[in-house]
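Asker:
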Amino acid sequence: MNWAPEAPQAMENPLTPEQRALETLVLQQNAIDYWHQVDLTGGAGVSARFTEDGIFHAGPGQPLVGRAAIEGFYSWRVDRGARTSRHLISNFRAEFTDDTHATTYCVMQVFAADGKPVHPSRPPILVADQIDHCLKGSDGRWRYLERDFTVLFMGGEAPTIAPDDLARKHNLPSG
């Protein structure tokens with residue numbers, strides 16, 4: 112997780128305007144579906160939206176590497192008890208290096224509190240730039256190679272951050 116914003120560098124787009132528009136909509140819908148699943152089910156199954164060795168930065172500590180680690184984080188999140196959350200994304204933009212690699216940028220706002228609704232209305236607990244590196248597989252589906260965040264504003268309720276021991280448990284060196 113980065114704590115200081117960096118402006119993305121514009122690159123020449125290898126796709127036609129029509130291809131770029133279509134693929135950007137697909138990637139945006141994937142991001143919306145991801146956070147919808149997190150908000151309504153606690154995140155069970157979202158690890159399938161990553162490549163096998165995908166990386167998820169779920170806080171300032173070690174990133175979660177691989178589907179098992181990512182699924183473990185969301186299981187841990189559910190096991191903590193009831194949590195009400197809404198992850199809102201806006202200003203979505205996609206840049207393509209070729210027809211199977213994209214980097215997406217959007218602004219994410221998180222409204223969350225432990226327990227079941229109704230909660231007092233408050234400002235978002237987090238506003239961050241969300242940066243996703245994506246790969247389009249041979250099956251035509253876009254998956255996340257890496258998801259990272261640049262935190263811009265944070266306060267109020269604590270965000271759900273993966274404990275370091277969870278990352279260590281799943282990110283063991285191979286061999």
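Residue numbers for the sequence shown follow the numbering used here, beginning at 112 and rising by one.
Backbone N, C-alpha and C fix where the C-beta goes; we use that ideal spot for every residue, glycine too.
Owing to the predicted nature of the structure, the values given are computational and were not obtained by experimental measurement.
In chain order, which continuous runs of the beta strand (DSSP E) of length 3 or greater are located wholly inside the region 212-284?
Answerer: Listed in chain order, they are 212-225, 237-247, 253-265.
Asker: So the candidates are Y216, Q130, Y255, I200; which of them puts its Cα closest to the Cα of I181?
Answerer: Ranked by Cα distance from I181, the options Y216, Q130, Y255, I200 are led by Y255.
Asker: For D209, write down the residues that DSSP places opposite it in a beta bridge.
Answerer: H212
Asker: So A223 and S196 are supposed to be a Cβ contact under 8 Å. How far apart are they, rounded?
Answerer: In this structure A223 is in contact with S196, their Cβ atoms being roughly 4 Å apart against a cut-off of 8 Å.
Asker: Between the Cα of A159 and those of A142, F260, P171, G192, spot the shortest distance and give me the residue it belongs to.
Answerer: Its Cα nearest to that of A159, the residue A142 stands out among A142, F260, P171, G192.
Asker: For G183, report the span of its alpha helix (DSSP H) as first-last.
Answerer: 178-190
Asker: Give the DSSP-derived three-state secondary structure of H147 in the structure shown.
Answerer: Three-state DSSP puts H147 in a helix.
Asker: For the candidate residues F167, D240, I200, V221, whose alpha-carbon lies nearest to that of S232?
Answerer: V221
Asker: Can you name, in chain order, every residue of its own chain whose Cβ lies under 8 Å from the Cβ of K227, other than the five neighbours on each side?
Answerer: A193, T195
Asker: To the nearest angstrom, report how far apart A132 and P171 are at their CA atoms.
Answerer: The straight-line gap from Cα to Cα measures roughly 33 Å.
Asker: What does DSSP give as the partner residues of S196 in its beta bridges?
Answerer: A223
Asker: Can you name the residues that DSSP bridges to L126?
Answerer: The partner list for L126 (beta bridge, DSSP) is empty, contrary to what the question assumes.
Asker: How many angstroms separate the CA atom of A213 from the CA atom of G266?
Answerer: 31 Å
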